[in-house]
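*Asks:* First to last, the sequence lines map onto chains A, B and C. Each residue of the first sequence is one higher than the one before, starting from 1 at the first, in our numbering. Each residue of the second sequence is one higher than the one before, starting from 360 at the first, in our numbering. Each residue of the third sequence is one higher than the one before, starting from 699 at the first, in our numbering. If you scroll down you'll find the structure; I have some questions about it.
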Amino acid sequence: MKFVDEYRKKDLILSVAENLRAISRKEIILMEVCGGHTMAIHRFGLASLLPSNIRLISGPGCPVCVSSQLFIDKAMAYSKIPGTIITTYGDLIRVPGSSTSLEKERAAGSDIRIVYSALESLEIARGNPEKNVIFLGIGFETTAPATAATIIKAKKEKISNFFVLSAHKVMPPVMKALVEEGVKINGFIAPGHVTAITGTSIYNDLASVYGLGVVVSGFEPADLMQAVLMLAIQMESGTPKVEIQYQRVVHYKGNIIAQQLLDEVFVHSDDSWRGLGMIPDSGLKIRENFSSFDAEKQFTVNVPESVEPKGCICGQILRGIKTPEDCTLFAKKCSPSHPVGACMVSAEGTCATYYKYRS
Amino acid sequence: MKLKERNILLGHGSGGRMMHELISDVFIKHFGNEILNEQSDSAILSVGSSEISFTTDSFVIDPLFFPGGNIGKLAVCGTVNDIAVSGAEPLYLSVSFIIEEGFPFNQLELIAESLASEAKKAGILIVTGDTKVVNKGKCDKLFINTAGIGRLKMKNRYISKALNLREGDVIIINGNIGDHGLAVMNARESFNFKTLVESDCASLNHMIKEVLDKYPVKFMRDPTRGGVATVMNELASKTNLGIELSESDLPVNKGVKAMCEILGFDPLHIANEGKVLIVAEEKEGLKILDLLKKNILGKKSAIIGRIVNEHPGKVVLRNETGGRRIVDSLTGDQLPRIC
Amino acid sequence: MCLAIPAKVISVDGTTARVTIEDVEYTASLLLLDDVKPGDFIMLHAGFAIEKVDPQEAAETLQLLLDMEKNLPN
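See the structure below:
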C-alpha cells in the first residue's frame, strides 16, 4: 500500500535504532497518547529496539478507554427505549458498563448497529423515519469533526430523528493535567491525526511552560522511530520544542475547515475521563443551537451510580504510572474474551495491546 | 465459561474461544463420549469392517447471496471439505431446509441449482433431506443443515488426530486467507466498501485426494470460522508443540489486506471456505507444495510456518519487521454469521 | 480508532470523492477537506477525508530515513 509499506521496511527501522543508540545518552521517559501509536509500537516490537536509557510509556490515548462508565450506561439505557436504533463505531460494542455492554444488550434484543462512518448513521435515520437513531460520538479531535459535519448535514436536510450522544474529548488538557499531577515525562510523542486537525499550537505551552519536547508522529514503525530520534536529539541538546515528524500529513496550522466545524457545533466543557476523573475544558458538548440533535437534551434516562470494578487499575495504567503487568486481574480475570476494564476491551487499549502482543 | 453470562452471545457461534467454552461447558458436559470429545469436524467411525467419516454442519449465512457464491454452494463445499480434510473421500450428503414463510421461490431455485452444480463438481450425491417452513419472523429467510459421509482408507485414518508431529514439520496453505469472511461482511454491512474480493468457497476433495494418493500427510484442517489462527491454536494445544508462522509468507489478497488495515481486522482470524491447512514433514511438504500449485485451487499455495519445540501450546507470528508476537484464537465475534 | 489510511482519489463529485486503497473503493466525504483533485492522496478516517498526503513531503521523509541508513555512525 502506497505511503504505508515504505515506512515498514525493516532496514530503515533498524538504521534509525542504530542512530538512536549512537546519540542518545540521557535517561528519558516519553509518553505517547494515542491508541494507534500504542498498537504500532507493540505490533512492530519497537520498544525492544530502543536503547535502555529511553523508556516509552502509554498514556490515555484510547478514546474508548477514557469514555466514562456513565456514558456507556446512558447508551445502554437509550438502547432500551422502544423505537430506538443505537449506531456506534465497532470499538464500543464490547466495552463493559456498570452491569452490561452494548453487545449483551444487542443479544437481548436492542437494535444496535455498527457503522464505519457517522454519515451511515444519518442514512439509517433517513431510512427509518419512525425510529429515533442515536449515534454514539466517541473519539478525539480526529473523529469529532466527522460528528460535527454530520450534525450540520442533519440540520441542513431537516432530519429530525437523528441524535448524538457526545463523549468527544480533546487532548491538550489531559496532557497538561498529567504533567501537573507530577507524572514523570520528558517528552510527548504527539498523535499524528489529532494534530492534522488541530495544528501544533495546542502543544506550545507544553514546550514553553513545562519544558517538554513534543514531536508529532505518524503511525508506521519508521515514523515512530524517527519521532523518538527527534525527541532524543532535543533532549541531548536541551532544546525542548514542538516539531512535526509526520510532515506528509500534518501542517502547523492543521485543518482549518475541520477546526471551524468543530467550533460551530461543539463547546469545550469539563468532562469526566474514566480512571482519571474530571478534567476541565476537556470534553466537547453540543452547542445550544444544535440542541435538537443532542441526545442528552432530548432523552431522559435513569442510570445507576457508576461503579468501577474491584481490582481494576485502568486509571493508573492510563496515567502511565502502572503497566498492565502490574494489574492483578491482567490475563487472569481480565482478558479480551472476558474484559473487566475498558483498557482491555478496546482493541487499542493498553491492556488489550499488551495481551495481544505479549511474548 | 462464566455462569453469570445468562444469554448466548453472537460470540458463542463465531468459532473461537467462546464457542469452545460453550461446547465444553454445556454439550460435552451432558452428552460427551470418546468420539465426540475429540471435537473433530468429522467423526471417524468403525462400521463393520469399514471406516467412515461422518460430519454435520449448519449454514446460517447472511446475506444468502454474496460475491463468489451463495448458501447452497457453501452448504456443499463446507460439508465436503470437512470430510475431505479428515482424510476421507466424500460420498453422500443430506440437506435439510428450514425456510421462512414468504421466502421467494426463484431464490430457492437458484440455491437449489447451486447445490446441484457444486455437488456435481465435488462428485457427491445428495441422497436424503428434509424441509420445514416456519412462520414469518421465526427464522431469517433460510437456514440449511447438512450431514455428510465419506469413505476412509486405513492409512489416512489418523490425519485429523495430529499424531507424530515433530519440530521442523511444515505448515502449508493452498492460497489467500480472509477472502470469504471479508466478501460476506462487505456484502452485508452498511460500510459501503466496494471490493473485488470474492468468497473462496470451493470443494477441495479432488485436490486433497491427489495429495493423499502420493504423499504422507500428518494433519489437515480447514480454517473456517475463527480463521487460520484458531486452527493453529487448536493444533498447538492438542499436540503441546509450538507453532511459528511467518507474516511475510502468508498469502493475502491486496484488497483483503487493505480492508483489514482500514477496519483493524487480522486476516488470521477471518473465515475461509476454500482453504486447507496441511502439516507434513519438510521434505514431503516441498513436494506437496509443488503438487498443490499445479491445481487451480492451489495456485497461491505457500508454506506459512513450522512446528517448533519452543513455546509449547502457543502460536507465534514472526512479523515483517522482525518482531514476534503471540497469535491467539479469535475471541468473541469479529464478523458475525459468516458461514 | 485513529485508524486512518492513505487513499487515492479517482473522482470528485461535489462533497464526495471516489477513493481507492489497493483495489478497494470507497465514497469518502469531503465535508472536511476542499481543493481535492483526482490523483491526490487523502487520509481516510471513519468515512471522511481528513487531510491530503503530500507526496513531496513523503518522499523527503523517506529520503531522510534512507540517508540515515547510508550514513550510519561507524
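No residue lacks a Cβ here, since even glycine has one placed at the ideal position from N, Cα and C.
Along the chain, where does the beta strand (DSSP E) that runs through residue 708 of chain C open and close?
*Replies:* For this step, residue 708 of chain C is matched to residue 10 along the third sequence. First-last of the beta strand (DSSP E) with residue 708 of chain C: 703-711.
*Asks:* Which of the three DSSP states is assigned to residue 360 of chain B in this structure?
*Replies:* Here residue 360 of chain B refers to the residue found at position 1 when the second sequence is read from its first residue. Residue placement at residue 360 of chain B is flagged as unreliable, the pLDDT there being 49, under the threshold of 50; the coordinate-derived value follows with that caveat. In the structure shown, residue 360 of chain B sits in coil (DSSP, three-state: anything other than H, G, I, E or B).
*Asks:* Go through the stretch 367-447 of chain B residue by residue and report every complete run of the beta strand (DSSP E) that reaches 3 residues or more, in order.
*Replies:* 401-406 and 409-418
*Asks:* Quick check on residue 388 of chain B: buried or exposed, where buried means 16 or more other Cβ atoms within 10 Å of its Cβ?
*Replies:* Counted from its first residue, the second sequence places residue 388 of chain B at position 29. Looking at its Cβ environment, which holds fewer than 16 other Cβ atoms inside 10 Å, residue 388 of chain B is exposed.
*Asks:* With burial defined as no fewer than 16 other Cβ atoms inside 10 Å of the residue's Cβ, what is the status of residue 302 of chain A: buried or exposed?
*Replies:* To locate residue 302 of chain A, count along the first sequence from 1; it is residue 302. Exposed, by the Cβ-count rule.
*Asks:* For the beta strand (DSSP E) containing residue 71 of chain A, name the first residue and the last one.
*Replies:* Here the question's residue 71 of chain A lines up with position 71 in the first sequence. It is not in any beta strand (DSSP E) - residue 71 of chain A instead sits in the alpha helix (DSSP H) that spans 69-79.
*Asks:* Taking C-beta pairs closer than 7 Å, name the residues in chain A that residue 749 of chain C reaches, listed in chain order.
*Replies:* Indexing the third sequence from 1 puts residue 749 of chain C at position 51. Within chain A, the residues near residue 749 of chain C are 196, 249 and 255.
*Asks:* If you reduce the DSSP assignment to three classes, tell me which class residue 307 of chain A lands in.
*Replies:* As a working mapping, residue 307 of chain A is identified with position 307 in the first sequence. Annotated three-state conformation of residue 307 of chain A is coil, per DSSP.
*Asks:* Whose C-beta lies closer than 6 Å to the C-beta of residue 275 of chain A among residues of the same chain, with five residues either side of it excluded?
*Replies:* Within the first sequence, numbered from 1, the residue matching residue 275 of chain A stands at position 275. Cβ neighbours of residue 275 of chain A beyond the five flanking positions: 314, 315 and 318.
*Asks:* Measure the alpha-carbon distance for residue 539 of chain B versus residue 766 of chain C and round it to whole angstroms.
*Replies:* As a first step, residue 539 of chain B must be located in the second sequence, where it is residue number 180. As a first step, residue 766 of chain C must be located in the third sequence, where it is residue number 68. Their backbone Cα atoms lie some 42 Å apart in a straight line.
*Asks:* Note down, in chain order, all residues in the stretch 581-597 of chain B with a beta-carbon under 7 Å from any beta-carbon belonging to chain A.
*Replies:* none
*Asks:* Buried or exposed: residue 772 of chain C, going by 16 or more other Cβ atoms within 10 Å of its Cβ?
*Replies:* For this step, residue 772 of chain C is matched to residue 74 along the third sequence. The predicted model places residue 772 of chain C with a pLDDT of 47, which falls under 50 and marks its position as unreliable; any figure quoted below should be read in that light. Exposed is the call here.
*Asks:* Ordered along the chain, which non-local residues of its own chain (more than five positions away) have a Cβ less than 6 Å from that of residue 34 of chain A?
*Replies:* Position 34 of the first sequence holds residue 34 of chain A. Taken in chain order, the residues that qualify are 61 and 191.
*Asks:* If I measure Cβ to Cβ from residue 19 of chain A and keep anything under 7 Å in the same chain, skipping five residues before and after, which residues do I get?
*Replies:* Within the first sequence, the letter at position 19 stands for residue 19 of chain A. The answer, listed in chain order, is 229.
*Asks:* For residue 250 of chain A versus residue 196 of chain A, is the C-beta distance shorter than 8 Å?
*Replies:* Working through the first sequence from its first residue, we reach residue 250 of chain A at position 250. Working through the first sequence from its first residue, we reach residue 196 of chain A at position 196. Taking 8 Å as the Cβ cut-off, residue 250 of chain A and residue 196 of chain A qualify as a contacting pair.
*Asks:* How about residue 16 of chain A and residue 222 of chain A: are their beta carbons less than 8 Å apart?
*Replies:* By 1-based counting over the first sequence, the position of residue 16 of chain A is 16. By 1-based counting over the first sequence, the position of residue 222 of chain A is 222. Contact flag set, yes.
*Asks:* For residue 219 of chain A, count neighbouring C-beta atoms within 10 Å of its own C-beta (all shown protein chains included) and say buried if the count is 16 or more, exposed if not.
*Replies:* In the first sequence, residue 219 of chain A corresponds to position 219, counting from 1. Answer is buried; the Cβ neighbour count reaches 16.
*Asks:* For residue 725 of chain C, return the contacting residues in chain B, with the cut-off set at a CB-CB distance below 9 Å.
*Replies:* By 1-based counting over the third sequence, the position of residue 725 of chain C is 27. Here the neighbours are 551 and 553.
*Asks:* Going by DSSP in three states, residue 11 of chain A sits in which element: helix, strand or coil?
*Replies:* Taking the first sequence and counting its residues from 1, the one referred to as residue 11 of chain A is at position 11. In this structure, residue 11 of chain A counts as helix in the three-state DSSP scheme.
*Asks:* Answer with buried or exposed for residue 306 of chain B, where buried requires no fewer than 16 other C-beta atoms within 10 angstroms of its C-beta.
*Replies:* Limits of chain B in this structure are 360 at one end and 698 at the other, which puts residue 306 of chain B out of reach.
*Asks:* Taking only beta-carbon positions, decide if residue 715 of chain C is within less than 8 Å of chain A.
*Replies:* Position 17 of the third sequence, counted from the first residue, corresponds to residue 715 of chain C. False, the Cβ-Cβ gap to chain A never drops below 8 Å.
*Asks:* So, under 8 Å CB-CB, residue 679 of chain B and residue 1 of chain A are touching, yes? Tell me the CB distance rounded to an integer number of Å.
*Replies:* Here residue 679 of chain B refers to the residue found at position 320 of the second sequence. Here residue 1 of chain A refers to the residue found at position 1 of the first sequence. Not really, about 13 Å apart at Cβ, beyond 8 Å.
*Asks:* Answer with buried or exposed for residue 689 of chain B, where buried requires no fewer than 16 other C-beta atoms within 10 angstroms of its C-beta.
*Replies:* Counting from one through the second sequence, the residue named residue 689 of chain B turns up at place 330. Buried is the call here.
*Asks:* Give the single residue among A/97, A/64 and A/53 whose Cα lies nearest to the Cα of residue 74 of chain A.
*Replies:* Locating residue 74 of chain A in the first sequence gives position 74, where the first residue counts as 1. Looking at the Cα atoms, A/97 is the closest of the given residues.
*Asks:* Just to make sure I have the definition right: I need the residues of chain A whose C-beta is within less than 7 Å of the C-beta of residue 603 of chain B. Which are they?
*Replies:* Taking the first residue of the second sequence as position 1, residue 603 of chain B is located at position 244. In chain order: nothing, as chain A lies at least about 13 Å away.
*Asks:* In whole angstroms, what separates the C-alpha of residue 169 of chain A from that of residue 397 of chain B?
*Replies:* Start at 1 with the first residue of the first sequence, and residue 169 of chain A comes out as number 169. Start at 1 with the first residue of the second sequence, and residue 397 of chain B comes out as number 38. Spanning the two alpha carbons is a distance of roughly 50 Å.
*Asks:* Would you say residue 168 of chain A lies against chain C (beta-carbon separation less than 8 Å)?
*Replies:* For the purposes of this step, residue 168 of chain A is taken as residue 168 along the first sequence, with counting starting at 1. No, its Cβ sits nowhere closer than 8 Å to a Cβ of chain C.
*Asks:* From residue 420 of chain B to residue 502 of chain B, what distance separates their C-alpha atoms?
*Replies:* Locating residue 420 of chain B in the second sequence gives position 61, counting from the first residue. Locating residue 502 of chain B in the second sequence gives position 143, counting from the first residue. Distance from the CA of residue 420 of chain B to the CA of residue 502 of chain B, rounded to the nearest whole angstrom, comes to 8 Å.
*Asks:* Measuring alpha carbon to alpha carbon, tell me which of B/508, B/662, B/477 and B/553 ends up nearest residue 720 of chain C.
*Replies:* The count along the third sequence starts at 1 and reaches residue 720 of chain C at position 22. Of the candidates B/508, B/662, B/477 and B/553, the one whose C-alpha sits nearest the C-alpha of residue 720 of chain C is B/553.
*Asks:* For residue 166 of chain A, write down the residues that DSSP places opposite it in a beta bridge.
*Replies:* Looking up residue 166 of chain A in the first sequence gives position 166. Residue 166 of chain A pairs with A/137.
*Asks:* Please list, in chain order, all residues of the same chain as residue 455 of chain B whose beta carbon is under 6 Å from its beta carbon, the five residues on each side excluded.
*Replies:* Against the second sequence, residue 455 of chain B aligns to sequence position 96. The residues are 488, 489 and 504.
*Asks:* In chain order, what residues of the same chain have a beta carbon less than 8 Å from the beta carbon of residue 574 of chain B, not counting five sequence neighbours either side?
*Replies:* The residue you call residue 574 of chain B lines up with position 215 of the second sequence. 639, 643, 646, 647 and 650.
*Asks:* Residue 520 of chain B to residue 94 of chain A, Cα distance in whole Å?
*Replies:* For the purposes of this step, residue 520 of chain B is taken as the residue at position 161 of the second sequence. For the purposes of this step, residue 94 of chain A is taken as the residue at position 94 of the first sequence. Rounded to whole angstroms, residue 520 of chain B to residue 94 of chain A spans 35 Å at the Cα level.
*Asks:* Relative to the C-alpha of residue 570 of chain B, which candidate in B/468, B/682 and B/532 has its C-alpha closest?
*Replies:* For the purposes of this step, residue 570 of chain B is taken as the residue at position 211 of the second sequence. Closest option to residue 570 of chain B, Cα to Cα, is B/532.
*Asks:* Three-state secondary structure (DSSP) at residue 344 of chain A?
*Replies:* Working through the first sequence from its first residue, we reach residue 344 of chain A at position 344. Helix.
*Asks:* Verify the CB distance criterion: does residue 193 of chain A have a CB-CB separation below 8 Å to chain C?
*Replies:* As a position in the first sequence, residue 193 of chain A is number 193, starting the count at 1. Residue 193 of chain A counts as touching chain C.
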